[in-house]
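The structure appears right after this line, and notes come after that.
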Amino acid sequence: MTAIADKPLDPAEVVRVHVPRRSARSELRAIKIVWRRELIRFVNDRMRIVTSLVQPFLFLFVLGGGLQRLASAGTHGVNLKTFIYPGILCMTVMFTAMFSAASIVWDREFGFLREMMVAPVRRSSIVIGKCLGGATVAAAQGVVVLAIAGLVGVPYAPGLILGALGLQLLLAFAITAFGLSVAIRIKQMQSFMGVMQMIVMPMYFISGALFPSSGLPAWLTVLNRIDPLAYAVDPMRRLVFGQLDISAAARRALDPGIHWWGWRMPAVLEVGVVLLLGLGLLAVAIWEFSATE
Amino acid sequence: MSTAATQAITVESLHKQFGDFEAVKGVSFEVGAAEVFGFLGPNGAGKSTTINMLCTLLTPTSGKASVAGHDVVRERDDVRRNIGLVFQDPTLDGYLTAAQNLKLHAELYGVPTNLVAPRMEQVLKMVGLWDRRDGQVMAFSGGMRRRLEIARGLMHSPRVLFLDEPTIGLDPQTRRSIWTYIRQLQEREEITIFMTTHYMDEAEWCDRIAIMDQGQIVALDTPERLKAGVGADRVTIQTDDNEAAITALRERLGIQALIAEGAVTFRIESGEQFVPRLFAEFDPARNPDLPAISGVSVSRPTLDDVFMSFTGSTIRDAEEDPSKLRNRVMMQMMGGRR
Ligand SMILES: Nc1ncnc2c1ncn2[C@@H]1O[C@H](COP(=O)(O)OP(=O)(O)O)[C@@H](O)[C@H]1O
Ligand SMILES: [Mg+2]
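If you're matching them up, the sequences are chains A and B in order. For the first sequence, the numbering used here assigns the number 1 to the initial residue and increments by one for each residue that follows. For the second sequence, the numbering used here assigns the number 294 to the initial residue and increments by one for each residue that follows.
Structural data, given as structure tokens:
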């Protein structure tokens, strides 16, 4: 009938499909599909894998290496690169997670979001899948930075690697959830990136990823304590410093922990704060996404 | 409702309000099973808004609609399971291959795993993209993407397929081949097809069309009947003696004809039915003194005439803002290169 179609099919052999009703299983499957799509896209996009590693490496080796001479007096003999390494571990997943969340803006711009929105699945499944996908991709990126621990004098201890991986996953999850809750409201890529830079960059600097969070000016101390990122950076630093063989003075100066009225917050509690926040932001994102037409 | 079982789509005074603006002002119609039904209207008429309400992406402000026997508000999921969609703007994932796009869709709709591969082969062959299944969609041309989107919309064997301007921005040849697929489809899979277009010539492919203007349906019928409703066809005949033919037409059939471009021409209702009568009258066996007819042509009123007669303007004049359309086509083209 037409030159383009390969061969006319016998109507009797038409493969008919029946779409089953929605169930808990179909929702889980939808989460898996959205999650897997994020992974496929990440793997296909080699540029992104490389570019999102540029910034952490710049900070670690150029900033860390360059400021080393200025800082040596204050670090009690600990290399500055070693000191900021936990902060860099956090940074890597943060930026990757931000990009992952941005994909929902792309998806909207290029229309793919509609394909998902009109499928017989819950909107929440799409958001959860996106969030888990973003977290996985970011953590995968984090592994690369984790792999170079030896270069900055951090030993490859199994406990450290597992713990850091877990923390990266958690942080990436929270940041993706945050990014999604913003991305759902914003229709343009430039505005999204602008907003994220405006919020995430200051949060990162204030978090204490690049300096110890004790003995800061009062205003900075206040900001640091209310910065949610600080509660992800601190347990990461604790984890890394737990494996370092350094003097007590150095430990006190460089890994002071987060104190509230003189009480040092335990790592479990800090992790709990991040987890709760991540879940809260995910709920916000789901709620927003369900309300859009 | 008694018709719900046999009708693929029933719509009753559907309204959609955007703020102060009423985009759809109460439309009602029914689409039968396995029918190809078209919405024809200028840009901004409310075609996409209506489709989006029918496919559960927009909630109607008021009115009722059911698709494949399910209410579009109360039974969203049932509607979604039974419909396929090709949106006005592309919705493929350019980073994935054609096959990955279809697979993702099949999984999202819960197509049983053992059926995904055969069904994919079938729909891809139908649109002539089987050889390109492992190509990244980003590298596809506009026409290929449209075909892939149609294939994707069919992956889960929907009972109703919605196509919103499936051919916008495509060249005439691709447009024609897409229409061929659509008609084939309807025959093979007994699927109901609901589509919109603002190309007049395309509406001819539909079994029935609704003409929409400013949020309202102004006419609804088969293309033939709509055009017949406009009035007379134009009949042109070639004879060996035009003057004699004109006299004979006047005296014997009561028709006022005139000569234009060397042929005898006149207007008459249902011109095709008139032709046998014309030949019976001019039969040399019966009336040897009348001039012989060497050729005849009947031209129908076009849908442009139909649109004009219902709205008082041509469809191009009725486009709310031509620059908007240009922008959209441009965007699609840019999307085509992304
Ligand atoms: N989300 C929206 N908000 C406000 N106005 C809208 C929205 N969607 C469509 N419109 C308006 O509704 C009218 C009908 O649009 P649409 O259904 O897209 O027309 P068509 O598909 O026939 O070209 C247009 O004037 C358009 O500007
Ligand atoms: Mg439209």
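Ideal Cβ placement from N, Cα and C applies to all residues, glycine included. Small disclaimer: the values here were computed from a predicted structure and weren't measured.
Where does the unbroken beta strand (DSSP E) through residue i begin, and where does it stop?
i, result
"Ile471 of chain B", "Taken as a continuous stretch (DSSP letters only), Ile471 of chain B belongs to no beta strand (DSSP E), being part of the alpha helix (DSSP H) at Pro465 to Glu482."
"Thr529 of chain B", "Asp526 to Thr532"
"Glu305 of chain B", "Gln300 to Phe311"
"Thr489 of chain B", "Thr485 to Thr490"
"Ala326 of chain B", "No beta strand (DSSP E) holds Ala326 of chain B; DSSP gives it neither H nor E."
"Thr75 of chain A", "Here Thr75 of chain A belongs to no beta strand (DSSP E), and DSSP marks it neither H nor E."
"Ile443 of chain B", "Per DSSP, Ile443 of chain B belongs to no beta strand (DSSP E); it is in the alpha helix (DSSP H), Gly435 to Leu447."
"Gly588 of chain B", "Ile586 to Ser592"
"Leu456 of chain B", "Val453 to Asp457"
"Asp506 of chain B", "Arg501 to Asp506"
Should residue i be flagged as near chain A, meaning a C-beta pair shorter than 7 Å?
i, result
"Val366 of chain B", "no"
"Gly403 of chain B", "yes"
"His308 of chain B", "no"
"Glu305 of chain B", "no"
"His449 of chain B", "yes"
"Arg438 of chain B", "no"
"Asp427 of chain B", "no"
"Glu495 of chain B", "no"
"Met627 of chain B", "With a pLDDT of only 46 at Met627 of chain B, under the threshold of 50, the placement of this residue in the model should not be trusted; the figure read from the coordinates follows. Met627 of chain B does not count as touching chain A."
"Leu408 of chain B", "yes"
"Phe433 of chain B", "no"
"Arg469 of chain B", "no"
"Pro581 of chain B", "no"
"Asp597 of chain B", "no"
"Phe386 of chain B", "As written in the sequence, residue 386 of chain B is Asp, which differs from the Phe given in the question. True, the Cβ-Cβ gap to chain A drops below 7 Å."
"Phe380 of chain B", "yes"
"Glu400 of chain B", "yes"
"Leu551 of chain B", "no"
"Asp370 of chain B", "yes"
"Arg452 of chain B", "no"
"Pro383 of chain B", "yes"
Please confirm if residue i has its CB atom under 7 Å from at least one CB of chain B.
i, result
"Ile33 of chain A", "yes"
"Arg22 of chain A", "yes"
"Ala119 of chain A", "yes"
"Gly77 of chain A", "no"
"Gly111 of chain A", "yes"
"Glu115 of chain A", "yes"
"Arg346 of chain A", "With chain A represented from 1 up to 293, any question about residue 346 of chain A goes unanswered, as that position is not in the structure."
"Ser52 of chain A", "no"
"Ser100 of chain A", "no"
"Val17 of chain A", "yes"
"Asn44 of chain A", "yes"
"Ser103 of chain A", "no"
"Ser26 of chain A", "yes"
Mind checking residue i: buried by the 16 CB within 10 Å criterion, or exposed?
i, result
"Phe314 of chain B", "exposed"
"Thr176 of chain A", "buried"
"Arg226 of chain A", "Just to set this straight, residue 226 of chain A is Ile in the shown sequence, not Arg. Exposed, by the Cβ-count rule."
"Ala73 of chain A", "exposed"
"Gly142 of chain A", "buried"
"Met626 of chain B", "With a pLDDT of 45 at Met626 of chain B, under the threshold of 50, the predicted position of this residue should be treated as unreliable, though the coordinate-derived value follows. So Met626 of chain B counts as exposed."
"Glu495 of chain B", "buried"
"Lys520 of chain B", "buried"
"Val62 of chain A", "exposed"
"Phe330 of chain B", "buried"
"Gly334 of chain B", "buried"
"Trp498 of chain B", "buried"
"Lys187 of chain A", "exposed"
"Arg264 of chain A", "exposed"
"His259 of chain A", "exposed"
Hey, could you find the ends of the alpha helix (DSSP H) residue i is sitting in?
i, result
"Arg373 of chain B", "Arg369 to Asn375"
"Thr176 of chain A", "Pro158 to Ala183"
"Ile40 of chain A", "Ala24 to Asn44"
"Leu70 of chain A", "Gly64 to Ala71"
"Gln141 of chain A", "Arg123 to Ala147"
"Arg570 of chain B", "Gly564 to Glu574"
"Ile548 of chain B", "Looking at the DSSP string, Ile548 of chain B is not in any alpha helix (DSSP H), and its letter there is neither H nor E."
"Val511 of chain B", "It is not in any alpha helix (DSSP H) - Val511 of chain B instead sits in the beta strand (DSSP E) that spans Gln509 to Asp514."
"Phe559 of chain B", "Here Phe559 of chain B belongs to no alpha helix (DSSP H); instead the beta strand (DSSP E) covers Ala556 to Ile561."
"Met431 of chain B", "Where Met431 of chain B is concerned, there is no enclosing alpha helix (DSSP H), given that its DSSP letter is neither H nor E."
Return no unless some Cβ of chain E is closer than 7 Å to the Cβ of residue i.
i, result
"Glu38 of chain A", "Here chain E cannot be found, since the structure's protein chains are A and B."
**Message:** Runs of 4 residues minimum, wholly inside the region 205-277 of chain A: which ones carry the alpha helix (DSSP H) assignment?
**Reply:** 218-226, 230-241 and 248-254
**Asked** Going along the chain, which unbroken runs of the beta strand (DSSP E) with 3 or more residues stay wholly within the region 344-409 of chain B?
**Response** 355-360 and 376-379
**Item:** Environment of ligand 2 in chain order, Cβ to heavy atom below 7 Å
**Value:** B:Asn336, B:Lys340, B:Ser341, B:Gln381, B:Asp457, B:Glu458 and B:Thr489
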